[in-house]
Amino acid sequence: MQCWIEFDGARKRLNVTLAPLRAPKPRVPLLSSHVDLSDVVLDSAYVGFSSSTGRTTSDHYILGWSFRMNGEAREIDLSKLPALPRRGPKEKPKALTIGLPVVLSFVIVAAIAGVGFAAHRKVKFAEVFEDWELEYGMHRFAYKELYSATRGFQDRELLGVGGFGRVYKGMLRASNAAIAVKRVPHDSRQDVREFIAETASIGQLRHRHIVRLLGYCRREGELLLVYDYMPNGSLDKLLFDESKTMTLGWKQR
8 MQCWIEFDGA RKRLNVTLAP LRAPKPRVPL LSSHVDLSDV VLDSAYVGFS
58 SSTGRTTSDH YILGWSFRMN GEAREIDLSK LPALPRRGPK EKPKALTIGL
108 PVVLSFVIVA AIAGVGFAAH RKVKFAEVFE DWELEYGMHR FAYKELYSAT
158 RGFQDRELLG VGGFGRVYKG MLRASNAAIA VKRVPHDSRQ DVREFIAETA
208 SIGQLRHRHI VRLLGYCRRE GELLLVYDYM PNGSLDKLLF DESKTMTLGW
258 KQR
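My numbering puts the first residue of the sequence shown at 8, with every later residue one more than the last.
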């Protein structure tokens, strides 16, 4: 809006004229009143602006003004007026508008993947333990340790398959000791308890012809027995291996 405030001291006439921005000044003022400013304004006074909107709140901006004590004031060059301040929330940079949702989506997906991976590992390396196992005093290996020693029970580490399960070769990282891990499936809690009791009794024996039992690990539906690794194989393999061209006679046996 444009506003012209003019006062004729001789006629004591105050005129106020309004017009839209860039529109010419109307011939007829919006407000015209006879007033003697000498009763209101002192000889020395400041010229300024003030406004009131009652109980409501509003913003007023004066982009330019011109004043003259005697005669008409100089016209304002509208092309040189500054722009109005932007109202409302500031426009966010495009990089922030596009990048923030992408980053948040990535973080959410990564968090879900991390939780899923942690849950998968927890199930993958889950073990079963009961208080009665402490009675036998056998060393218990962590399944994660045996999994790492056998390289995830890969087929290339498979030593053999028997009626009681599969046997894998492994290497313990902590001691750098070669081991053989037998994976024995079991169905009931009672069966595994009896099996551990018998295995613990045999494991206490010390004989050069008996492979030493190092310990065990128990999982849901599976028992893992850890033995010393025999690089030359077992006696039955030596006696009955058909791949050997040479066989042992009865005297050698």
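Using N, Cα and C, we set each Cβ at its ideal position, and we do this for glycine too.
Three-state class that DSSP yields for residue i in the structure shown
i      : result
Pro31  : coil
Glu142 : helix
Arg200 : helix
Ala133 : coil
Gly121 : helix
Leu220 : strand
Pro108 : helix
Leu245 : Because the pLDDT of Leu245 is 49, which lies under 50, any placement of that residue in the model is unreliable, and the question is left without a value.
Val191 : strand
Tyr154 : helix
Arg163 : helix
According to DSSP, residues forming a beta bridge with residue i
i      : result
Arg225 : Leu230
Asn22  : Glu13 and Ser39
Ile186 : Gly177 and Asp235
Gly172 : Gly169
Arg147 : Tyr223
Outcome for residue i when other beta-carbon atoms lying within 10 angstroms are tallied against a minimum of 16
i      : result
Val168 : exposed
Phe148 : buried
Tyr223 : buried
Inter-residue Cα distance where the pair is residue i and residue j
i      : j      : result
Ser58  : Pro89  : 21 Å
Glu79  : Arg62  : 36 Å
Ile12  : Asn22  : 6 Å
Leu107 : Ala120 : 20 Å
Tyr236 : Glu137 : 28 Å
Neighbourhood of residue i by C-beta, 7 Å cutoff - its chain only, sequence neighbours within 5 removed
i      : result
Ala207 : Tyr143 and Met145
Close-in-space but distant-in-sequence residues of the same chain around residue i (CB under 8 Å, 5 per side omitted)
i      : result
Met8   : Leu25, Ala26, Pro27 and Leu28
Pro238 : Ala185
Phe202 : Val191, His193 and Leu230
Arg135 : With the sequence shown as reference, residue 135 is identified as Val, and Arg is not the correct amino acid for it. Only Arg225, Arg226 and Glu227 meet the Cβ criterion.
Glu164 : Thr157, Arg158, Tyr175, Lys176 and Gly177
Ala30  : Gln9
Cβ-heavy atom distance, residue i to the ligand ZN, below 6 Å
i      : result
Ile105 : With respect to the ligand ZN, the structure offers nothing, as it holds no ligand at all.
Any C-beta of chain C under 7 Å from that of residue i
i      : result
Glu164 : Looking for chain C here will not work: only one protein chain is present.
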